[in-house]
Every structure is written in C-alpha cells, then in structure tokens.
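Undergrad: Residues are numbered in the working numbering as their position in the sequence shown, beginning at 1, plus a constant of 10.
C-beta: ideal position from N, C-alpha, C; glycine also.
Okay, handing you the structure first.
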Amino acid sequence: MTASSPRSRRATIIDVARAASVSRQTVSNVVNTPERVAPHTLARVQAQIERLGYQPSRAAQTLKQERAGAWGIELNSAGFGRLGAILDTFLVELTAGAAAHGSHVVPFTAPDPLEPIPAYERFVASRVADGFVLTDTRNNDPRPAWLEAHHVPYAAFGRVWDDPSITSWVDVDGAAGIEAAVRHLADQGYERIGYLGWPEGSPVGDDRRSGWSRATADLGLAHPEWEARTPQVLDAASSAAAGLLDAVGPGGALVCASDTLALGAWRVLVARGLEPGRDVGLVGFDDTDIAQALDLSSLHQPLDRVADRVLHVLGARSASRDPAGGLLLPPELVVRSSSKPAGDRTTRKEK
C-alpha cells in the first residue's frame, strides 16, 4: 500500500466520490439526506464509505447546518444552592451522555440568577449553543416562556410547575419516593413517622411532602405535630429536627427531604446518645456521599437516565418535533442501617 493510498490516511469525501463514481454533493446527500438519493446510488456510495472508513467531519456538518452541536446549561440557575450536589452529578452524566449523542455541553452563569434572561439572550445571540438544559425549575420561572416565545429548543431537569401544557421536561418523582420511604419504615415496625422538609413554597419540597402526607394518611399514621420545615442549612436543620424528634420520640422515625436535612437530624441523635436505626429510624433523599458515609437509608435519583432522556427531548425539539410528554422517573430506595427493623432495637438492648 502506497503512502498516497486512501487507506494510509483518513479518507475524504473526494476519495469516496471517486471510488463510487459520483459527485461530492452526492456523497454529502448520502451522509446528510439519504432519502434524496436513488436506492442503487445510495447502496453504492454507502459501500464505499464503509470500505474506506470515511467519517464525515462533524465540524463541517455543523458549520453547514449553522448548528453548534452544543447545549448550554446555566450552573447557578436558581442561586439557592439547595440542589448543588445533585446538579454536580447531573452535569457529569449530561456531559458524558452528550458525547454519545454527538453533542457537547457548554456551561455558563447568569450574573443575577433571579433575572437570568439577559444571559440567555447573549448566549442565543452568540450562537454558541443550539438550545438549553434547564435545572432548578421553580414557580414563576421566566425561562421556559421566553425560550418558547423565541423558538429556542430546551429541555428541563425538573417540571415546569406553572404551566402543565409545557412537556419538555424530565423529573424524578419525589412524592412517590417519599411515600415509598414512609411505607418502608411502616413495614419495619415504626408507627410514628415524622417529616423534616423545606419551607412551604418550594415546588420540589412541597411535592416531596405530599408523599409523606399521602402515605401516612393511607396507613392511619397521620399526625400534624410530626412535621417540621427548615431551610437547607445544616444548623437550621438540626434545630428543626430537635423539636421533631421530641415529638416522635424514641421508637419513631423521620423521613427527610434531603440528605442534608437528615444529617441535621443525625447530629441531634448522636448528641443525645441515640443511634439512628436502633433508637430512631431515619431516611434521607438524594443518596449523596453523606448517606453513603453515614450508612443512611436514602432515595437515589437515576440521574444517568434523566440526562439521557433530557438529551432525547432536546433532539426532538431541535428537529421541530414535540416531545411525547413530561416524564417522571421513580427514585430507588437504598436501604441501610438507619432504617433497620424496629424490632432490632429491643433485641440489641436485651443483649
């Protein structure tokens, strides 16, 4: 094989055209719009593409289509830091998934997270990305309506809470997860199951609380005093958990809206000489490093599946197709020692 042979270097569109006795435009049509090519010509060109190992230049295709092949994602979309650890993991999954989908992710920030539209306007004008992945969706979120009005493709990790007609989202069913945690604790023998959640008005927090309310009502375990609300701040969570633990007492259990809140409760239990699981059941949400380090039962969000589905929705929107509808994925309850059977408490004390 000579140094000038197509197989000794990367094959070009000219090599394929010569080998198949067609024009370069025909090869381009085979790659980009095969439906426009006659079947016998299509088969001949595809055979030469395979034989020569020709790989179209993604950069050239992108330039021709005036597409960037990228999705923008705002890193500080709500500015509250409440879901920071989860969004870090989601960004990793999204970046890895984008490569498999033939695209990439471009992060950016908004100077004012509560007034983010100017940042999106600049991003759209720069043509750096073809659309956006939204996170931390919330009530009165201005981004979905603005993107819809300007025909910019987007998909959200999180429901568009104000407008049920918008379906470009993928979310984890927090209410179903909390309900599963309550039922798990009840099955373990806990009869007083409290809830430590975020302040009212957080759509994610309110959704998760509804799972506790529904499950305790169904099980005949509802009690209005077995609930407390706190910001996602460790010291505040510990203060709120202290009163709630007084209410449910030893032998009770807490379900928490996050692992951070569960850590706040954990600190109070340890300070009182009590052991999670032996004296009080405890379940968190998000299955972060905190949960794994403390052997804390927690609800795991399938962020790899969320990222993959978000990319599918983006692909549909960029091709001017409506997504099939918002998708709720169930979290997985990861059971660890903090929610061991209530009967184990008696057994251990008698030893």
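1) Quick check: the Cα distance between residue 120 and residue 193, rounded to an integer number of angstroms?
2) Which residue from 175, 65 and 26 puts its Cα closest to that of residue 51?
3) Which parts of the region 269–339 are runs of the beta strand (DSSP E), unbroken and 3 residues or longer, counting only runs that do not cross its ends?
4) If the criterion is Cβ atoms closer than 8 Å, does the pair residue 204 and residue 283 meet it?
5) Which residues mark the beginning and the end of the alpha helix (DSSP H) in which residue 197 is found?
6) To the nearest angstrom, how far is the alpha carbon of residue 47 from that of residue 178?
7) Which stretch, first to last residue, makes up the alpha helix (DSSP H) that contains residue 20?
8) Ordered along the chain, which non-local residues of its own chain (more than five positions away) have a Cβ less than 7 Å from that of residue 163?
9) In chain order, what residues of the same chain lie with their CB nearer than 8 Å to the CB of residue 23, ignoring the 5 residues before and after it?
10) Would you call the region 299–312 in contact with the region 250–264, where contact means no fewer than 3 C-beta pairs closer than 8 Å?
11) Just verifying my parser: in three-state terms, what is the DSSP assignment at residue 138?
12) Can you tell me where the beta strand (DSSP E) holding residue 81 begins and where it ends?
13) Just curious, the alpha helix (DSSP H) that residue 54 is in, first and last residue?
14) Would you call the CB atoms of residue 316 and residue 100 closer than 8 Å?
15) Excluding five sequence neighbours on each side, which residues of the same chain lie with their C-beta closer than 6 Å to the C-beta of residue 274?
16) DSSP beta-bridge partners for residue 216?
17) Between 57, 138, 198 and 31, which has its C-alpha nearest residue 350's C-alpha?
18) Who pairs with residue 181 in a beta bridge, going by DSSP?
19) Could you give the DSSP three-state label for residue 124: helix, strand or coil?
20) Output needed for residue 335: all residues of its chain with C-beta closer than 6 Å, excluding positions within five of it in sequence on either side, in chain order.
21) Assuming residue 159 contacts residue 189 (C-beta within less than 8 Å), just tell me the rounded distance between them.
22) Let me make sure I understand the geometry here. Which of 340, 341 and 295 has the alpha-carbon closest to that of residue 95?
23) Quick test of your reading: residue 80 and residue 113, contact by CB under 8 Å. State the CB separation rounded to the nearest angstrom.
24) State the Cα-Cα distance for the pair residue 271 and residue 239, rounded to the nearest angstrom.
25) Give every residue of the same chain whose Cβ lies closer than 6 Å to the Cβ of residue 293, excluding the five residues on either side of it in the sequence, and list them in chain order.
26) At the level of alpha carbons, what is the spacing between residue 30 and residue 45?
27) May I ask which residues mark the beginning and end of the beta strand (DSSP E) holding residue 40?
28) So which of 133, 125 and 255 has the shortest CA-CA distance to residue 9?
29) Exposed or buried, what is residue 302 when buried is set at 16 or more other beta-carbons lying within 10 Å of its beta-carbon?
30) Below 8 Å on the Cβ atoms is my contact criterion, and I expect residue 147 with residue 170 to pass it. Report the Cβ-Cβ distance as a whole number of Å.
31) So for residue 117, helix, strand or coil by DSSP?
32) Quick one: using the 10 Å Cβ neighbour count with 16 as the cut-off for buried, is residue 86 buried or exposed?
33) Within 10 angstroms of the Cβ of residue 122, are there 16 or more other Cβ atoms? Answer buried if so, exposed if not.
34) Express the C-alpha separation of residue 281 and residue 235 in angstroms, rounding to a whole number.
35) Is the Cβ-Cβ distance between residue 83 and residue 115 less than 8 Å?
36) For residue 297, I'd like the list of residues in its chain whose CB is within less than 6 Å of its CB, leaving aside the five on either flank, ordered along the chain.
TA: According to the structure data:
1) 41 Å
2) 26
3) Taking 3 residues as the shortest admissible run, the region 269–339 contains the following complete beta strand (DSSP E) segments, listed from N- to C-terminal end: 291–295, 307–310 and 337–339.
4) no
5) Per DSSP, residue 197 belongs to the alpha helix (DSSP H) from 184–197.
6) 34 Å
7) Looking at the DSSP string, residue 20 is not in any alpha helix (DSSP H), and its letter there is neither H nor E.
8) 140, 141, 324, 327 and 328
9) 34, 37, 38, 64 and 66
10) no
11) DSSP places residue 138 in coil when its eight states are reduced to three.
12) 80–84
13) Note, residue 54: alpha helix (DSSP H), 49–62.
14) yes
15) 244, 247, 248 and 251
16) Residue 216 pairs with nothing; no bridge assigned.
17) 198
18) 338.
19) coil
20) 177
21) The pair is not a contact, with the Cβ atoms about 37 Å apart (cut-off 8 Å).
22) With distances taken between Cα atoms, residue 95 lies closest to 295.
23) 6 Å
24) 10 Å
25) 191, 265, 307 and 349
26) 18 Å
27) Counting along the chain, residue 40 falls outside any beta strand (DSSP E), though it belongs to the alpha helix (DSSP H) covering 34–42.
28) Here the chain comprises residues numbered 11 to 361, so residue 9 is not present and cannot be evaluated.
29) exposed
30) 6 Å
31) strand
32) It counts as buried.
33) Residue 122 counts as exposed, since fewer than 16 other beta carbons sit within 10 angstroms of its beta carbon.
34) 23 Å
35) yes
36) 308, 310 and 344
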